[in-house]
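In the numbering used here, the protein residues as written are 376 to 468.
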């Protein structure tokens, strides 16, 4: 799993500018709510949360608890404990 986390971080660093440009183009007002579906380790959810500010709410959603664990640690380090990261198994009926 560590290799998947490392790969996600590497790809994020290569595309971070693109993500930030897209988020800024949305012109999200402070206090907005949103969903980061397929959020993996929560890096885009973190950027969205920083954009909408403390009054906003962003939820990160992924299929894997293992991929979300680094996201929880990252959010803890940034003191964003209120940002939910949720694992949902939509494959099993």
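Positions of the beta carbon are idealized from the N, C-alpha and C atoms, including for glycine.
Note that this is a predicted model, so its numbers are computed, not measured.
Collapsed DSSP secondary structure at residue 403 in the structure displayed
coil
Could you check the C-alpha separation between residue 400 and residue 437 for me, to the nearest Å?
24 Å
Neighbour-count burial assignment, residue 413, 16 or more Cβ in a 10 Å radius
exposed
Hey, quick one: how far does the alpha helix (DSSP H) through residue 446 stretch, first residue to last?
440-452
Whole-Å CB distance - residue 423 paired with residue 433, under 8 Å assumed:
4 Å
Distance, Cα to Cα, residue 390 vs residue 415?
15 Å
May I have the straight-line CA-CA distance separating residue 443 from residue 430, to the nearest angstrom?
23 Å
When the Cα atoms are used, what is the spatial distance from residue 411 to residue 421?
9 Å
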